[in-house]
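This report concerns only the one structure given below.
Residue numbers (full-length UniProt numbering): 1 to 931.
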């Protein structure tokens with residue numbers, strides 16, 4: 001049914017005149033004045049809905065304001081009067097875009113909801129939905145996450161009130177689905193778009209074919225399908241979007257104010273399908289739909305900039321396919337007008353600028369005129385620096401700016417700085433951990449490219465700062481929540497206490513990602529906004545002006561120590577370099593690696609992976625017996641390449657500072673796919689003479705970031721204090737037994753016994769084996785002991801790193817035998833000092849997220865363990881006891897065991913294995929991380 005059939009009055013114009021006469025004949029103060037004003041308002045509002053004339057909405061505002069003044073606050077009609085007034089302010093905002101109107105609408109709707117008793121369920125629901133509509137509109141205008149979260153909260157409350165079969169059920173579900181879709185557009189959390197489609201499908205199905213809201217329901221459902229298509233590229237989603245948009249257009253009369261919107265939305269879905277199918281009718285129909293939408297839209301309409309932007313997108317896509325210069329010129333003209341009509345601060349301005357930049361850049365490919373590329377770079381710059389807009393849009397603009405800055409004759413460093421600063425907003429702490437990793441997965445190696453540009457410009461300190469800021473982002477956010485506040489507490493104890501409380505609540509909220517809770521995202525968002533406000537308050541109201549800001553190089557250089565430097569190896573598309581951070585605080589030493597490239601790094605990583613797979617290296621300890629013909633030969637070649645291309649030039653540069661009194665210690669901090677390769681084992685192993693592999697020169701440790709190493713040093717144990725060691729030896733499962741964990745336990749307890757005699761009883765150890773090695777008992781032991789040794793299976797979950805786990809015994813009241821990383825990080829470990837993860841793949845990185853260093857070992861650093869021994873891949877069950885025995889024999893051979901000597905102990909243990917003729921696969925996987 002067309003919207004023209006809505007109105008029960010045959011002549012709406014005549015009806016309005018009759019009602020105007022009724023109002024003019026009613027004396028001021030008459031008890032019926034408010035009611036007559038209200039009926040006039042309803043007719044004006046309906047005529048606006050039918051014909052979209054601005055004069056009707058202006059008169060409707062005036063009439064309803066007067067009706068509100070005539071209605072006493074204690075009148076039973078007051079809430080309804082406010083409801084109408086709020087609606088008309090919202091409509092005027094949509095038409096004219098005045099922010100003061102939408103602020104009034106929200107305030108008035110809040111009053112209307114509060115004045116409506118809970119017993120009046122029908123009106124309560126309608127007014128809650130209207131409040132949510134106004135909040136959503138304000139979100140569209142300002143981009144405040146609080147508004148869209150409140151929208152979801154209000155509509156969720158309305159949905160709880162309306163049972164199945166309720167007259168307003170479809171409207172409530174439609175509003176709820178639309179709100180989830182809007183939040184998905186902003187944050188791109190995957191759960192939001194699935195919820196949006198589910199609710200919108202229900203709403204569309206509840207609306208009958210002749211329902212006046214049917215076109216709206218279909219239009220919103222189509223928008224959600226299109227949004228999901230643009231993220232996951234499922235063809236069925238975009239086909240459904242086009243179908244539903246077509247239906248919405250057919251059901252909407254040309255005179256209805258929403259017709260331009262539904263036409264433009266149809267054009268958008270056709271463009272999206274054209275990108276997938278390249279069918280010319282789709283792009284031609286899309287362009288025409290956008291032209292028709294603009295033709296129906298009066299000048300000054302608030303949605304006109306968006307429609308112009310949408311038309312330009314269609315024209316650009318057609319230009320890319322058919323190379324018609326007229327299309328790109330028209331697109332630029334439309335975008336210029338769109339940007340002109342969109343005020344600074346509007347959330348959509350950044351998107352319009354980004355599209356304009358793309359269009360002008362494409363014009364440059366045809367014109368070759370340098371002024372075009374200069375303008376494109378300038379427009380990308382303006383978009384990236386926008387006050388508001390989705391962070392992903394601003395980030396994309398910064399990337400484009402960095403790409404074309406040099407062609408425009410300017411340095412790309414400012415563009416890269418902007419991009420790096422935006423990373424933490426793209427992977428915002430208010431998102432679930434899973435969704436943050438999804439976002440980071442799609443960003444690629446931009447931070448490494450930024451560092452490469454800084455190095456090329458001689459800005460070595462800046463390169464270190466950017467690599468620190470743009471890597472291990474999720475772990476870094478976790479560490480921020482645990483940042484020490486003693487300086488703040490000394491002078492502002494109440495503020496410090498409040499910040500700690502919110503930080504702990506936020507940690508707990510992040511740990512509930514896997515628990516179904518409808519309100520969890522809103523709660524998490526609110527906590528993050530509160531935390532951010534407190535951090536900003538500290539910066540503004542105290543002397544700690546740089547509180548929790550990204551660290552400058554002068555602070556980061558403290559990661560290096562007198563024991564040795566930190567060696568950052570950056571691998572990007574343009575160049576490869578090492579930066580050596582020294583303890584004296586001077587600028588990092590630059591070691592160019594001209595013989596190495598990103599392609600070579602990727603090839604090495606793939607080759608290592610093939611050797612491991614071909615050697616039968618499995619997912620669990622003890623399952624790697626299916627050796628290939630000659631894995632050592634392949635390993636020897638790969639480690640030789642790694643030595644020649646990467647490590648040898650660095651060692652040669654270090655040789656002048658290597659102490660002659662013994663082996664110098666270094667901390668490797670590789671980036672990109674290089675973080676998946678064993679730098680600590682690089683060397684030429686055909687030669688019998690020393691000086692051809694890393695271990696001849698240095699004792700190697702790793703650190704994910706400089707901040708992680710600085711933080712690790714805060715967790716040094718006091719060697720003279722009593723040491724509590726938890727030893728967990730789990731024999732595995734029937735399908736994957738690891739029997740040598742029992743031998744490992746015996747070796748360690750024997751070493752403990754000898755050390756107890758030597759230290760006079762200052763070592764206390766607890767053993768958990770078999771059934772006693774359960775998740776709750778191990779968790780309890782980790783809270784009580786500073787040192788832990790975990791001999792068990794370990795599994796990595798690269799899709800959701802928080803679910804990476806140690807496999808233990810399930811308690812009697814549970815079926816779960818997994819101690820997940822998210823639980824380890826969330827639980828308190830007040831004595832955490834040293835962790836030996838004698839499991840498999842505890843330090844296996846993710847090739848899709850190499851710069852996030854998402855493995856169990858780095859998670860243990862975040863959990864507070866300053867020194868960690870782990871494995872890069874699965875280990876032989878028979879090797880683990882030998883390495884553990886040697887490490888603890890070394891550490892406990894001293895009167896006061898010191899976890900900071902763990903790297904040296906591991907170095908010597910591995911040398912014994914290697915000198916004993918052990919194959920590469922036996923000794924290479926063992927690594928040390930942290931202090």
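By construction, the Cβ of each residue, glycine as well, lies at the ideal position given by its N, Cα and C atoms. The structure presented is a predicted model; accordingly, all values stated were derived computationally and were not measured.
> Roughly how many whole angstroms lie between the Cα atoms of residue 562 and residue 353?
Replying inline: 50 Å
> Nearest CA to the CA of residue 44: which residue from 701, 35, 63 and 910?
Replying inline: 63
> Among the residues of its own chain, which have a CB less than 6 Å from the CB of residue 430, if the five just before and after it don't count?
Replying inline: 524, 525 and 528
> Does DSSP classify residue 809 as helix, strand or coil?
Replying inline: strand
> For residue 702, which beta-bridge partners are listed by DSSP?
Replying inline: 668 and 929
> Who are the Cβ neighbours of residue 197 in its own chain at under 6 Å, not counting the five residues just before and after it?
Replying inline: 224
> Which of helix, strand or coil does DSSP assign to residue 584?
Replying inline: coil
> Which partner residues does residue 683 have in the DSSP bridge list?
Replying inline: 693
> Would you report the Cα separation of residue 116 and residue 79, rounded to the nearest angstrom?
Replying inline: 6 Å
> Taking DSSP as the reference, what is the three-state secondary structure of residue 107?
Replying inline: helix
> How is residue 351 classed by DSSP in three states: helix, strand or coil?
Replying inline: helix
> Are residue 393 and residue 350 closer than 7 Å when you measure CB to CB?
Replying inline: yes
> Is residue 895 helix, strand or coil by DSSP?
Replying inline: coil
> Is residue 267 near residue 289, with beta carbons less than 7 Å apart?
Replying inline: yes
> Considering only C-alpha positions, which residue in the set 291, 405 and 281 is nearest to residue 265?
Replying inline: 291
> From 249, 58 and 921, pick the residue whose C-alpha is nearest to that of residue 936; which is it?
Replying inline: Here the chain has residues from 1 to 931 only, and residue 936 is not among them.
> First and last residue of the beta strand (DSSP E) that includes residue 256?
Replying inline: No beta strand (DSSP E) contains residue 256, which DSSP labels as neither H nor E.
> Does the count of Cβ pairs from the segment 409-421 and the segment 459-476 closer than 8 Å reach three?
Replying inline: yes
>> Check for me: the alpha helix (DSSP H) holding residue 500 runs from which residue to which?
In response: 493-510
>> I need the straight-line Cα distance from residue 230 to residue 313, nearest angstrom please.
In response: 14 Å
> What do you reckon, are the CB atoms on residue 97 and residue 302 nearer than 7 Å?
Replying inline: yes
>> Excluding the 5 residues flanking residue 724 on each side, which residues of the same chain have their C-beta closer than 6 Å to its C-beta?
In response: 764, 785 and 786
>> Taking 8 Å as the cut-off, does the segment 252-263 touch the segment 295-309 (at least 3 CB pairs, one atom from each stretch)?
In response: yes
> Where does residue 375 land, buried or exposed, given buried means 16+ other C-beta within 10 angstroms?
Replying inline: buried
> Can you tell which of 777, 708 and 680 has the C-alpha that lies nearest to the C-alpha of residue 726?
Replying inline: 777
> Around the C-beta of residue 465, are 16 or more other C-beta atoms found within 10 angstroms, so that it is buried, or is it exposed?
Replying inline: buried
> Could you check where the beta strand (DSSP E) with residue 434 kicks off and where it finishes?
Replying inline: It is not in any beta strand (DSSP E) - residue 434 instead sits in the alpha helix (DSSP H) that spans 433-443.
> What is the DSSP secondary structure of residue 8, reduced to helix, strand or coil?
Replying inline: For residue 8, the pLDDT reaches just 44, beneath the cut-off of 50, and the residue's location in the model is therefore unreliable, leaving the point undetermined.
> Is DSSP giving residue 303 helix, strand or coil here?
Replying inline: coil
> Going by DSSP, which residues form a beta bridge with residue 557?
Replying inline: According to DSSP, which records beta bridges pairwise, residue 557 is partnered with nothing at all.
> What residues match up with residue 569 in a beta bridge as DSSP calls it?
Replying inline: 578 and 670
> Can you tell which of 53, 37 and 92 has its C-alpha closest to the C-alpha of residue 66?
Replying inline: 37
> Name the DSSP bridge partner or partners of residue 865?
Replying inline: None; residue 865 has no bridge partner.
> Terminal residues of the continuous alpha helix (DSSP H) containing residue 769?
Replying inline: It is not in any alpha helix (DSSP H) - residue 769 instead sits in the beta strand (DSSP E) that spans 763-769.
> Would residue 490 be called buried (16 or more neighbouring beta carbons within 10 Å of its own) or exposed?
Replying inline: exposed
> Smallest Cα separation from residue 654: which of 591, 296, 855 and 186?
Replying inline: 591
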